Each structure stands twice: as C-alpha cells, then as structure tokens.
Amino acid sequence: MIAIVDHGVGNFASVGRALARAGARDAALTSSADDLLRARAIVLPGVGHFGHCARAMRREGLDVVLRAARERAIPILGLCVGMQLLFEGSEEDPAEPGLALLPGVVRRLRPAARVPHTGWNTVRVRRAHPLLAGLRDGAHYYFVHSYAAEPADAEAVLATTEHGAELAAVVGAPGIVGSQFHPEKSGAVGASFLRSFVAAVS
0 MIAIVDHGVG
10 NFASVGRALA
20 RAGARDAALT
30 SSADDLLRAR
40 AIVLPGVGHF
50 GHCARAMRRE
60 GLDVVLRAAR
70 ERAIPILGLC
80 VGMQLLFEGS
90 EEDPAEPGLA
100 LLPGVVRRLR
110 PAARVPHTGW
120 NTVRVRRAHP
130 LLAGLRDGAH
140 YYFVHSYAAE
150 PADAEAVLAT
160 TEHGAELAAV
170 VGAPGIVGSQ
180 FHPEKSGAVG
190 ASFLRSFVAA
200 VS
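Quick note: the sequence shown uses numbering that gives the first Met the number 0, first residue 0, plus one each step.
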C-alpha cells in the first residue's frame, strides 16, 4: 500500500482522493508503525505550522518510524509542510527539530515578497528524479506557504519557483522527494506529478 502518514495535522482527505485518482487504489491513512514500515511508499502531508506538525509526529513516535522507513529505503514523498518536515528544522519554530532526512533548514520568505506566497506560480525543473517523471517544466502549480526549504546540498533542489527570490519548489535525494506546492490543488499538472510518483513505486 501507499501509506499516508496520519499525524493529525494535514489535509489528509484531499491528498487521499488525489492519490486514488492518480492510480493508488491502495492508498490508506495510517499512523501504524507496522503499516508504514510495510508500505511500498509513504506520503507525508502537512499544513499550517511546522512546529505543530513536528510535535504531533513526535508524540505518536512517527518521527522514529519515518527515520526507520528511510533506512529501509521505502520511498517517501513530502507535501507542503510535509516537505519542510524532511529537513533539520525551521525558523517557524527553531526549538522543534525536523526529521533530518535531508540536510538543510527552512527559512521565512524574504520581506520583499508578499507573504504568504499564495496562488499559481511557474515551476522550473532543474534536475530529473526517477520518482517524479511527471513534473512538468514551465507548468503552473499551486502554492500556499510562508517558509521555504534551503537544502544544504544544491543538488537536492530538483525544481524552483520565483517569489521575491528563487525558491526550492521540489527537493529530493535518492528515494525521497518533496514538493512545496500542493499537487492535489494543482489540477492536471498536479495529477501528472502524483501519477508519476505512484507509477514509480508500483
């Protein structure tokens, strides 16, 4: 199954519907360690505040489970705040650590840009990734965020967008990817993005 991590702070229903439309008929919401560690892939949604999501995960022991899943090479996709949680921490809540599955931190958007960054924006693909063949260069995806990831490794930036500065829109490393935009709100291009992930882990 494709396991959607249920940490209590996310748009789980819309992500589940989007994954089902993308061909993941076995996508299921779960907080069970057994389910997550048996899954063929894991999707980590998240909305709102980085610290709230991180604390909710830690309370349920899901941080430990996600690190174990990474060690077992289970593919992971983080969405929005779920992508931010993949990193070491965030300026939104400096006392709350992230999962540290990717090196780097999450920083507040520069004041020169309107914050939050809300709406459709162009995404430019910088590097290919086997889990995301459906990411379309030059397409418009839907964003809602006030913070953006700054990976320690520039090679981890798979795609960018512009909002006051160049921002990481999609990040990744072998077996792990994350999108700052919401694919489930991005229409046909978002569906293509999710279909490519589902196909890659099938």
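All residues carry an ideal CB built from backbone N, CA and C; glycine is no exception. Just so it is clear, the structure is predicted and the values come from calculations on it, not from any experiment.
Return the residue from the list the options that minimises the CA-CA distance to residue i.
{"i": "T29", "options": "A21, A40, R20", "result": "A40"}
{"i": "H181", "options": "R69, I75, V197, G81", "result": "G81"}
{"i": "A32", "options": "V122, E87, A155, M56", "result": "M56"}
{"i": "L100", "options": "G174, D92, A19, A167", "result": "G174"}
{"i": "V200", "options": "L130, R125, V105, G7", "result": "L130"}
{"i": "A172", "options": "P74, T160, D136", "result": "P74"}
{"i": "A153", "options": "G133, E165, F49", "result": "E165"}
{"i": "G97", "options": "C52, R194, N10", "result": "C52"}
{"i": "M0", "options": "G7, D25, H162, V169", "result": "D25"}
{"i": "V122", "options": "P150, G9, A168", "result": "A168"}
{"i": "S89", "options": "E149, D34, R109, H128", "result": "E149"}
{"i": "G9", "options": "F86, E87, F196, C79", "result": "C79"}
{"i": "A2", "options": "A27, A12, A190", "result": "A27"}
{"i": "S230", "options": "G7, R20, V63", "result": "Past the boundaries of the shown model lies residue 230; the chain is included only from 0 to 201, so the question cannot be answered."}
{"i": "Y146", "options": "G7, L65, F86", "result": "F86"}
{"i": "A72", "options": "E91, L35, P102, R113", "result": "L35"}
{"i": "R109", "options": "K184, E91, H162", "result": "H162"}
Just the C-alpha distance for residue i and residue j, rounded to the nearest angstrom, thanks.
{"i": "L157", "j": "E59", "result": "31 Å"}
{"i": "A111", "j": "A187", "result": "31 Å"}
{"i": "A94", "j": "R54", "result": "11 Å"}
{"i": "Y140", "j": "P115", "result": "15 Å"}
{"i": "A38", "j": "L18", "result": "15 Å"}
{"i": "R107", "j": "G45", "result": "17 Å"}
{"i": "T160", "j": "G22", "result": "27 Å"}
{"i": "Q202", "j": "G137", "result": "No information on residue 202 is available, as it lies outside the stretch 0 to 201 that the chain covers here."}
{"i": "G15", "j": "L43", "result": "11 Å"}
{"i": "V143", "j": "V170", "result": "17 Å"}
{"i": "G77", "j": "G177", "result": "4 Å"}
{"i": "V104", "j": "E70", "result": "21 Å"}
{"i": "A155", "j": "L193", "result": "19 Å"}
{"i": "G118", "j": "A67", "result": "35 Å"}
{"i": "V64", "j": "R125", "result": "31 Å"}
{"i": "V4", "j": "F49", "result": "15 Å"}
{"i": "P102", "j": "D62", "result": "16 Å"}
{"i": "H128", "j": "R135", "result": "12 Å"}
{"i": "S120", "j": "A12", "result": "Rather than Ser, the amino acid found at residue 120 in this sequence is Asn. The straight-line gap from Cα to Cα measures roughly 24 Å."}
{"i": "A132", "j": "F196", "result": "8 Å"}
Between which two residues does the alpha helix (DSSP H) harbouring residue i extend?
{"i": "E70", "result": "61 to 70"}
{"i": "L84", "result": "80 to 84"}
{"i": "S13", "result": "11 to 20"}
{"i": "V207", "result": "Any answer about residue 207 is impossible in this case: the structure gives the chain only from 0 up to 201."}
DSSP puts residue i in a beta bridge; with which residues?
{"i": "V124", "result": "A158"}
{"i": "H139", "result": "T121"}
{"i": "E87", "result": "The partner list for E87 (beta bridge, DSSP) is empty, contrary to what the question assumes."}
{"i": "R113", "result": "The partner list for R113 (beta bridge, DSSP) is empty, contrary to what the question assumes."}
For a test of your reading of the model: does the CB of residue i fall under 6 Å from any non-hydrogen atom of the ligand GDP? Yes or no.
{"i": "H181", "result": "Ligands in the displayed structure: none, and consequently the ligand GDP is not present."}
Would you mind reading off the limits of the beta strand (DSSP E) that contains residue i?
{"i": "L28", "result": "27 to 29"}
{"i": "L43", "result": "40 to 43"}
{"i": "V4", "result": "1 to 4"}
{"i": "G177", "result": "175 to 178"}
{"i": "L166", "result": "165 to 172"}
{"i": "P107", "result": "Position check: residue 107 holds Arg in this sequence, whereas Pro was assumed. 103 to 107 is the extent of the beta strand (DSSP E) around R107."}
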